[in-house]
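Here the sequence shown stands for residues 0 to 192, where the numbers follow numbering that gives the first Met the number 0. Ideal placement from N, C-alpha and C gives every residue a C-beta, glycine not left out. Keep in mind the model is a prediction, meaning the values are calculated, not measured. Below you'll find the structure, written out as structure tokens, and then a few comments.
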Amino acid sequence: MLRLSNGRGTDPVLIDWPSGQEPKRVEIGWDGSQYELRCQQKVYEDQEPRGEKKTGVDLGERHLATVYTEKGENISVHGGRLRSLRRHHNRTLGNLRSKIDRKEKGSRRWKRLIRAKNRQLQKIRNRIEDFLHKTATRLVNTLHERRVGSVVVGDLTGIRERISYGSRMNQRLHQWAYSKFEHMLTYKAQLRG
Numbered sequence: 000m001l002r003l004s005n006g007r008g009t010d011p012v013l014i015d016w017p018s019g020q021e022p023k024r025v026e027i028g029w030d031g032s033q034y035e036l037r038c039q040q041k042v043y044e045d046q047e048p049r050g051e052k053k054t055g056v057d058l059g060e061r062h063l064a065t066v067y068t069e070k071g072e073n074i075s076v077h078g079g080r081l082r083s084l085r086r087h088h089n090r091t092l093g094n095l096r097s098k099i100d101r102k103e104k105g106s107r108r109w110k111r112l113i114r115a116k117n118r119q120l121q122k123i124r125n126r127i128e129d130f131l132h133k134t135a136t137r138l139v140n141t142l143h144e145r146r147v148g149s150v151v152v153g154d155l156t157g158i159r160e161r162i163s164y165g166s167r168m169n170q171r172l173h174q175w176a177y178s179k180f181e182h183m184l185t186y187k188a189q190l191r192g
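As structure tokens, then:
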């Protein structure tokens, strides 16, 4: 039996739970025509990798990932879409900041522009996050199909501090999400064994 809180002063909702596994999170939502129950459960990783091959992954700013397998196969993940989204983010931020700077701080128009800036930039950040997730998933699925058993990712720690190429290139380097992409690759690969 699943017991969901229904707010203070009201009885909880009791639901017969068909699965033996306890959910991590449950919510009731409206899908447009009826109520539905949405739940999240822990996914256990595969214990056995599908193959024995080893793969090296080199993360980059222009090519998101360049993969080399033991048998001489090369896979290159182009990062043009990500670069385009970053440029769009920077251009939008610059345009809105210049408009905000021309308004009196604290005025109604200034507050409206601040809300618009936050909303637009959050949409772009969500699109970047979505792109990284989908790209990492596609890459891990491809490696799994090619019977790769272990993945090694190059270490880029401190790359931003070691290099100075000028203001535009430095901006690109500081917005480079290599750590986030590496984390996504790691946990998605672990789920695939």
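If we call anything under 7 Å between Cβ atoms a contact, is residue i one with residue j?
i	j	result
H88	I123	yes
Y177	L155	yes
V152	E181	yes
L3	P11	yes
L84	K116	no
G50	V139	no
What does residue i pair with, by DSSP beta-bridge criteria?
i	result
A64	L58, V76
R145	DSSP, once it has assigned bridges, lists no residue as partnering R145.
E69	For E69, which the question treats as bridged, DSSP gives no partner whatsoever.
Y34	W29
Q261	An answer regarding residue 261 cannot be provided, because it is not within the stretch 0 to 192 covered by the chain.
I14	L1
For residue i, which residues in the same chain have their Cβ closer than 8 Å to its Cβ, ignoring the five residues on either side in sequence?
i	result
K248	Here the chain covers residues 0 to 192 and nothing more, so residue 248 does not appear.
Alpha carbon to alpha carbon, what distance is there between residue j and residue i?
i	j	result
D129	S32	28 Å
S106	H132	39 Å
R37	K187	22 Å
L13	I27	12 Å
R118	A64	30 Å
V56	S166	28 Å
Q189	T134	16 Å
K53	G157	26 Å
R61	L81	9 Å
R137	G192	15 Å
Whose C-beta lies closer than 6 Å to the C-beta of residue i among residues of the same chain, with five residues either side of it excluded?
i	result
I127	L84
N5	P11, V12
I74	V66
Please work out which residues of its chain come closer than 7 Å, Cβ to Cβ, to residue i, disregarding the five sequence neighbours upstream and downstream, and give them in chain order.
i	result
L92	L120
S163	N169
W16	M0, L1
With a cut-off of 7 Å, does the C-beta of residue i fall near any C-beta of chain C?
i	result
R108	This model lacks chain C altogether; it includes just one protein chain.
- Message: Below 8 Å, how does it come out for the segment 111-118 and the segment 62-69: are there three or more Cβ pairs, yes or no?
- Response: With a cut-off of 8 Å on Cβ pairs, the segment 111-118 is not in contact with the segment 62-69, counting fewer than three such pairs.
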